[in-house]
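Colleague:
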Amino acid sequence: MEKGFRIEVAEPYCITMTRNKAIIDLYIYPTLGGMIYVNTDKLFEYKEVIEFNGVEIQTLSPSAEVLLTMAHSIYKERIYTLNDYITVSKWISKKTFRLAEELKCIKALMVSMEINKLVDSRKLILPYKIPLPLWIKILTNKVIEDDITRATTINLIKSLRDRRAGKHIISKLTRQSY
Numbered sequence: 013m014e015k016g017f018r019i020e021v022a023e024p025y026c027i028t029m030t031r032n033k034a035i036i037d038l039y040i041y042p043t044l045g046g047m048i049y050v051n052t053d054k055l056f057e058y059k060e061v062i063e064f065n066g067v068e069i070q071t072l073s074p075s076a077e078v079l080l081t082m083a084h085s086i087y088k089e090r091i092y093t094l095n096d097y098i099t100v101s102k103w104i105s106k107k108t109f110r111l112a113e114e115l116k117c118i119k120a121l122m123v124s125m126e127i128n129k130l131v132d133s134r135k136l137i138l139p140y141k142i143p144l145p146l147w148i149k150i151l152t153n154k155v156i157e158d159d160i161t162r163a164t165t166i167n168l169i170k171s172l173r174d175r176r177a178g179k180h181i182i183s184k185l186t187r188q189s190y
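In the numbering used here, the protein residues as written are 13 to 190.
Below you can see the structure in the form of structure tokens.
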């Protein structure tokens with residue numbers, strides 16, 4: 013906030029701040045309307061130290077970054093972009109599959125891989141909007157299989173009382189990119 017950013021959205025596990033056209037999302041847990049779709053406690057077990065411009069920083073391992081990128085596009089945005097395609101294509105590994113199983117994201121990862129195959133065969137152009145029935149099926153499966161997602165589903169229901177809920181729902185249903 014000292015740098016001129018202001019809070020636009022404050023959810024239970026995320027704050028979105030803006031300054032002019034810059035947007036920063038600060039997550040404790042990645043969420044959809046307050047419903048956690050990736051347990052970052054587990055995810056952060058897959059971090060590593062890298063050097064960036066002479067400074068050592070902690071970052072997610074490539075296998076964890078693939079999972080988080082894919083989960084964000086599939087669960088939250090419902091749109092699969094060129095960035096998602098490249099990240100999954102370049103960094104997917106056996107560790108990603110193990111992590112996806114551990115974090116109950118394997119079905120979403122399989123959808124991501126199927127989208128990548130369709131792009132590779134030139135049968136699909138990005139960005140790709142996840143069809144609503146498939147998205148609902150993936151989210152429902154996530155709620156059924158993942159304890160933390162199921163436990164925070166109430167936050168998603170509560171978010172429907174927000175004055176912006178209608179706008180968010182219409183956007184989720186109609187937008188073609190983000």
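Even for Gly, the Cβ is constructed at its ideal location relative to N, Cα and C.
Does the separation of the CB atoms of K7 and I150 fall below 8 Å?
Modeller: There is simply no residue 7 to check, as the chain begins at 13 and stops at 190 in what is shown.
Colleague: For T152 and E89, I'd like the C-alpha separation in whole angstroms.
Modeller: Working through the sequence shown from its first residue, we reach residue 152 at position 140. Working through the sequence shown from its first residue, we reach residue 89 at position 77. Cα to Cα, the separation comes out at about 16 Å.
Colleague: Take E57 as the anchor and find which of A76, T30, D159 has the nearest alpha-carbon.
Modeller: Locating residue 57 in the sequence shown gives position 45, where the first residue counts as 1. For the residues A76, T30, D159, the minimum Cα distance to E57 belongs to A76.
Colleague: Suppose contacts are defined by Cβ-Cβ distances below 8 Å. Is I100 in contact with T71 by that definition?
Modeller: Along the sequence shown, one-based indexing puts residue 100 at 88. Along the sequence shown, one-based indexing puts residue 71 at 59. With the sequence shown as reference, residue 100 is identified as Val, and Ile is not the correct amino acid for it. No, Cβ-Cβ distance for V100 and T71 is not below 8 Å.
Colleague: Return the CA-CA distance between L130 and K15, expressed in angstroms with no decimal places.
Modeller: Working through the sequence shown from its first residue, we reach residue 130 at position 118. Working through the sequence shown from its first residue, we reach residue 15 at position 3. Cα to Cα, L130 sits roughly 43 Å from K15.
Colleague: Just to confirm before moving on: does the CB-CB distance between P42 and Y92 stay below 8 Å?
Modeller: The sequence position of residue 42 within the sequence shown is 30, counting from 1. The sequence position of residue 92 within the sequence shown is 80, counting from 1. For P42 and Y92, no; Cβs fall outside 8 Å.
Colleague: Let me know the secondary structure DSSP gives P62 once reduced to three states.
Modeller: Numbered from 1 along the sequence shown, position 50 holds the residue referred to as residue 62. It is worth fixing the name first, because residue 62 is Ile in this sequence and not Pro. Strand.
Colleague: What is the DSSP secondary structure of E6, counted as helix, strand or coil?
Modeller: In the structure as shown, the chain starts at 13 and stops at 190, and residue 6 therefore has no counterpart that could be examined.
Colleague: Return no unless some Cβ of chain C is closer than 8 Å to the Cβ of L121.
Modeller: Chain labels in this structure do not include chain C; a single protein chain is all it has.
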